[in-house]
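Visitor:
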Amino acid sequence: MKLLIKNGTIVNAADSFTGDVLIAHGKIAAVWKRGEENKDATADETVDASGLLVLPGAIDAHVHFELPFGNIASADDFYAGTRAAACGAVTTIIDFVTPDKGESLMEAFTIRKKAAEEKSCVDYGFHMSLPFVTDNVMEEMDSAVSAGMSSFKVFMTYAFRVSDNEFFRTLSRCKELGALTMVHAEAHDELTALKSEFIASGKTDSWHHYKSRPESVETFGVRRAIELAAKAGAPLYIVHLASAGGMAEVEEARRYGQIVYAETCPQYLHFTSGVYRRGDGQNFVCSPPIKGKHSQKALWRGIKNGGISTVATDHCPFTLAQKAKGKADFTKTPNGVMGTENLFPYMLSEANSGRITFMKAVELCCQNPAKIFGLSDAKGTIAAGKDADIVLYDPNRDYTITQADMHSDVDYTIWEGVALKGYPTRTYLRGCLIYKDGEFLGKRGFGRYLPRHL
Ligand code: URP
Ligand code: ZN
Ligand code: ZN
1282 MKLLIKNGTI VNAADSFTGD VLIAHGKIAA VWKRGEENKD ATADETVDAS
1332 GLLVLPGAID AHVHFELPFG NIASADDFYA GTRAAACGAV TTIIDFVTPD
1382 KGESLMEAFT IRKKAAEEKS CVDYGFHMSL PFVTDNVMEE MDSAVSAGMS
1432 SFKVFMTYAF RVSDNEFFRT LSRCKELGAL TMVHAEAHDE LTALKSEFIA
1482 SGKTDSWHHY KSRPESVETF GVRRAIELAA KAGAPLYIVH LASAGGMAEV
1532 EEARRYGQIV YAETCPQYLH FTSGVYRRGD GQNFVCSPPI KGKHSQKALW
1582 RGIKNGGIST VATDHCPFTL AQKAKGKADF TKTPNGVMGT ENLFPYMLSE
1632 ANSGRITFMK AVELCCQNPA KIFGLSDAKG TIAAGKDADI VLYDPNRDYT
1682 ITQADMHSDV DYTIWEGVAL KGYPTRTYLR GCLIYKDGEF LGKRGFGRYL
1732 PRHL
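Heads up, the sequence shown is in my numbering, so the first residue is 1282 and it goes up one at a time.
1) Tell me which same chain residues have a C-beta within less than 6 Å of the C-beta of G1526, skipping the five on either side of it?
2) Where in the segment 1285-1335 do unbroken runs of the beta strand (DSSP E), each at least 3 residues long, occur, reported from the N-terminal end onward?
3) For T1438 and L1714, what's the separation of their Cα atoms in angstroms?
4) Less than 6 Å between C-beta atoms, sequence neighbours within five positions excluded: which residues of the same chain meet that for H1596?
5) Given Y1680, which residues of its chain have a CB within under 6 Å of its CB, disregarding the five upstream and five downstream residues?
6) Among Y1709, W1313, G1661, whose alpha-carbon lies nearest the alpha-carbon of A1651?
7) Between the Cα of M1409 and the Cα atoms of E1420, D1376, K1400, which residue gives the shortest distance?
8) Just curious, the beta strand (DSSP E) that Y1716 is in, first and last residue?
9) By the three-class DSSP mapping on this structure, what secondary structure does M1282 have?
10) Restricting to Cα atoms, I'd like to know which of L1645, A1659, N1633 is closest to L1333.
11) Counting only runs of 3+ residues fully inside the segment 1421-1475, write out the beta strand (DSSP E) ranges in chain order.
12) Quick one: which unbroken beta strand (DSSP E) runs of 3-plus residues sit fully inside the segment 1485-1540? Chain order, please.
13) DSSP three-state call for M1419: helix, strand or coil?
14) Buried or exposed for A1361, please, with buried defined as at least 16 other CB atoms from any protein chain shown within 10 angstroms of its CB.
15) What is the rounded straight-line gap between the Cα of T1458 and the Cα of H1734?
16) Any contact between the segment 1283-1291 and the segment 1309-1327? By contact I mean 3 or more CB pairs, one from each, below 8 Å.
17) What first and last residue would you give for the alpha helix (DSSP H) that runs through V1403?
18) Counting C-beta neighbours from all protein chains within 10 Å, is the total for L1601 16 or more, i.e. buried, or is it exposed?
19) Report the residue from D1301, H1306, P1337 whose alpha carbon sits nearest the alpha carbon of A1295.
20) May I ask you to list the residues that DSSP assigns as paired with R1707?
21) In three-state terms, what does DSSP make of T1594?
22) Quick check: does the Cβ of V1520 come within less than 8 Å of any heavy atom belonging to ligand 3?
23) Using 10 angstroms around the beta-carbon of K1394, count the other beta-carbons present and answer buried if the total reaches 16, otherwise exposed.
24) Taking 8 Å as the cut-off, does the CB of H1469 come closer than this to any heavy atom belonging to ligand 5?
25) Apply the 10 Å Cβ neighbour rule to A1506 and answer buried if 16 or more other Cβ atoms are within range, or exposed otherwise.
26) Let's test the definition: count the other Cβ atoms within 10 Å of the Cβ of D1381 and tell me whether it reaches 16, buried, or not, exposed.
27) At a cut-off of 8 Å, would you count H1465 as near ligand 1, judging by its Cβ distance to the nearest heavy atom?
28) Grouping DSSP H, G and I as helix and E and B as strand, with all else coil, what is D1686?
29) Let me check one thing: in DSSP terms, what residues is D1668 bridge-paired to?
30) Count the CB pairs spanning the segment 1476-1488 and the segment 1449-1458 that are closer than 8 Å, and state whether there are at least three.
31) Would you say the segment 1534-1548 touches the segment 1511-1518, given that touching needs at least three Cβ pairs under 8 Å?
32) Taking 9 Å as the threshold (C-beta atoms), are D1668 and T1485 in contact?
33) Classify N1586 as buried or exposed, calling it buried when 16 or more other Cβ atoms lie within 10 Å of its own Cβ.
34) Out of L1472, A1481, I1480, which has the shortest C-alpha to C-alpha gap to V1498?
35) For V1556, which of M1387, P1547, P1570, D1718 has the nearest alpha-carbon?
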């Protein structure tokens, strides 16, 4: 089956031009600029993309589908999560394998991969989380890399946090393997002290979730992580960066030539900590929490100056009832918010409004995650030989986000009422139409596992 997408404005991270894209057997067979098109090119179907942008499918490099949290799990399983992703023009997601203490990394991978294989509607890969660091784990990392997990994540907080020594060991081992270390960077001792102080004085509303993990908690964490990476001489990827202080640490390290990538999330770019003062503040509880206006501005500056390399969602939603359990006590609120359906439409809307260029949105959501996470042979760019993961985007279609139109299993969205300028109209995954005009057309299990290179 050959498909020809004609007369669209093709946008990659490096260039943008009017032209045609020919798709055959799930791959991009050819891309022609206007004037150089092959007049003899034939197709079974032709789509006229005049007035539309033709973009690579987005890569959401940070999601948590069916993530266990105490005795509940995040509300979207691999089916609902990837259905929502597909309807937000995301054609690839990267989730996490999180082994239990003592469990082999490869055993945990097999179980997680099976769940995704049966349900995923878009292509998927995994980062390997390391909730404990032992000799066996260090040894098994080699097998994880061979199985396509070229990135390893550690946490500086939560019960499964690593010590500085374990973090350094992970960085050194990743360096040896040519893999990438990712980190959730929040200073555990500082946030624990603040949390205890607030609990002792009965300050347990959602506002104090933010107050217990303020800007300084992230800044200390990011600084420490960067110092350890510098000592190990290893590259570092900081997930969900949310603060001006953390941003400044990343920018400083990059100025000195250190390889540090920072990811931020749309919730940190759009909302500010004021949401935690709202009556429904618990619905916005995530870690790190959404910060103040000053931080939001710093993140947008980082996007413009290259300090931010990727935007991904940390999609980890819980239902209203699950969130409500923590309304009076932030320590009982399951952490995480939704966004995989909103990531690319939001960033493209910001581009459409003139804040960034469309090419920048593609760089952050498509090309950079593909490059950083070893997917660039097939994903992230519209070019001959790549997978035909293609989005048609109408810059003139206004769209207001509302729960009723979302495709996740969650019963609310933090994005309710947010007005977007422009919206995706069609999404193809490997040449198959998986989304059209608000309707999900994909299939359970159509997503393929993506072993990622180093
Ligand atoms: O609140 C969040 N972000 N939950 C998901 C787990 C994590 O820390 O990324
Ligand atoms: Zn995290
Ligand atoms: Zn996360």
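Each residue gets a CB set at the ideal place from its N, CA and C atoms; glycine is no exception.
Guide: Taking the geometry as given:
1) As a first step, residue 1526 must be located in the sequence shown, where it is residue number 245. Non-local C-beta neighbours of G1526 in its own chain, meaning closer than 6 Å and more than five positions away in sequence, comprise E1496, T1500, ordered along the chain.
2) For secondary structure counted as the beta strand (DSSP E) over 3 or more consecutive residues, the segment 1285-1335 holds these complete runs in sequence order: 1297-1305, 1308-1314, 1326-1329.
3) What you label residue 1438 is simply residue 157 of the sequence shown in a count that begins at 1. What you label residue 1714 is simply residue 433 of the sequence shown in a count that begins at 1. C-alpha separation (whole angstroms): 41 Å.
4) For this step, residue 1596 is matched to residue 315 along the sequence shown. Result list for H1596: V1344, M1619, G1620, T1621, in chain order.
5) To locate residue 1680, count along the sequence shown from 1; it is residue 399. By the criterion of a C-beta distance shorter than 6 Å, Y1680 is surrounded in its chain by L1701, Y1704, once the five residues flanking it on both sides are discounted.
6) In the sequence shown, residue 1651 corresponds to position 370, counting from 1. Residue G1661 is the option with its Cα nearest to A1651.
7) Locating residue 1409 in the sequence shown gives position 128, where the first residue counts as 1. Ranking E1420, D1376, K1400 by Cα distance to M1409 puts D1376 first.
8) Looking up residue 1716 in the sequence shown gives position 435. The continuous beta strand (DSSP E) containing Y1716 extends over residues 1713-1717.
9) Taking the sequence shown and counting its residues from 1, one reaches residue 1282 at position 1. Correct three-state label for M1282: coil.
10) Counting from 1 along the sequence shown, the entry for residue 1333 is found at position 52. Taking L1333 as reference, the option from L1645, A1659, N1633 with the minimal CA-CA separation is N1633.
11) Fully enclosed beta strand (DSSP E) runs of 3 or longer: 1432-1436, 1461-1465.
12) Scanning the segment 1485-1540 from its first residue to its last, the whole beta strand (DSSP E) runs of 3-plus residues come out as 1517-1519.
13) Here the question's residue 1419 lines up with position 138 in the sequence shown. Here DSSP, grouped into helix, strand and coil, assigns M1419 to helix.
14) Here residue 1361 refers to the residue found at position 80 when the sequence shown is read from its first residue. When all chains shown are included, A1361 counts as buried.
15) Translated into the one-based positions of the sequence shown, residue 1458 becomes position 177. Translated into the one-based positions of the sequence shown, residue 1734 becomes position 453. Note that residue 1458 corresponds to Leu in the displayed sequence, not to Thr. For L1458 and H1734, the distance between alpha carbons rounds to 11 Å.
16) The segment 1283-1291, when compared against the segment 1309-1327, does touch it at the 8 Å Cβ threshold.
17) Reading the sequence shown from its first residue, position 122 is the one you call residue 1403. Note, V1403: premise wrong, no alpha helix (DSSP H); not H, not E.
18) On the sequence shown, residue 1601 is found 320 positions in, with the first residue counted as 1. L1601 sits exposed, since fewer than 16 C-beta atoms from the chains shown fall within 10 Å of its C-beta.
19) Locating residue 1295 in the sequence shown gives position 14, counting from the first residue. With distances taken between Cα atoms, A1295 lies closest to P1337.
20) The residue given as residue 1707 occupies position 426 in the sequence shown. BP columns for R1707 point to L1673, K1717.
21) Taking the first residue of the sequence shown as position 1, residue 1594 is located at position 313. In the structure shown, T1594 sits in coil (DSSP, three-state: anything other than H, G, I, E or B).
22) Along the sequence shown, one-based indexing puts residue 1520 at 239. Yes, the beta carbon of V1520 sits closer than 8 Å to at least one heavy atom of ligand 3.
23) Locating residue 1394 in the sequence shown gives position 113, where the first residue counts as 1. Under this definition K1394 is a buried residue.
24) Among the ligands present in this structure, namely ligand 1, ligand 2 and ligand 3, ligand 5 is not found.
25) Taking the sequence shown and counting its residues from 1, the one referred to as residue 1506 is at position 225. Buried, since its Cβ has 16 or more Cβ neighbours within 10 Å.
26) Here residue 1381 refers to the residue found at position 100 when the sequence shown is read from its first residue. That one is exposed.
27) Here residue 1465 refers to the residue found at position 184 when the sequence shown is read from its first residue. Flag set: Cβ of H1465 near ligand 1.
28) Walking along the sequence shown from the start, residue 1686 turns up at place 405. Here D1686 sits in helix by DSSP.
29) Here residue 1668 refers to the residue found at position 387 when the sequence shown is read from its first residue. Checking the DSSP bridge columns, you'll see D1668 partnered with K1308.
30) Verdict: no, contact absent.
31) Short answer: they touch.
32) Along the sequence shown, read from residue 1 onward, the residue named residue 1485 stands at position 204. Along the sequence shown, read from residue 1 onward, the residue named residue 1668 stands at position 387. No, they are not a contact pair.
33) Taking the first residue of the sequence shown as 1, we reach residue 1586 at position 305. By the neighbour-count rule (16 or more Cβ atoms within 10 Å), N1586 is not buried but exposed.
34) One-based indexing of the sequence shown puts residue 1498 at position 217. Per the Cα distances, L1472.
35) As a first step, residue 1556 is located in the sequence shown; it is residue number 275 there, counting from the start. With distances taken between CA atoms, V1556 lies nearest to P1570 out of M1387, P1547, P1570, D1718.
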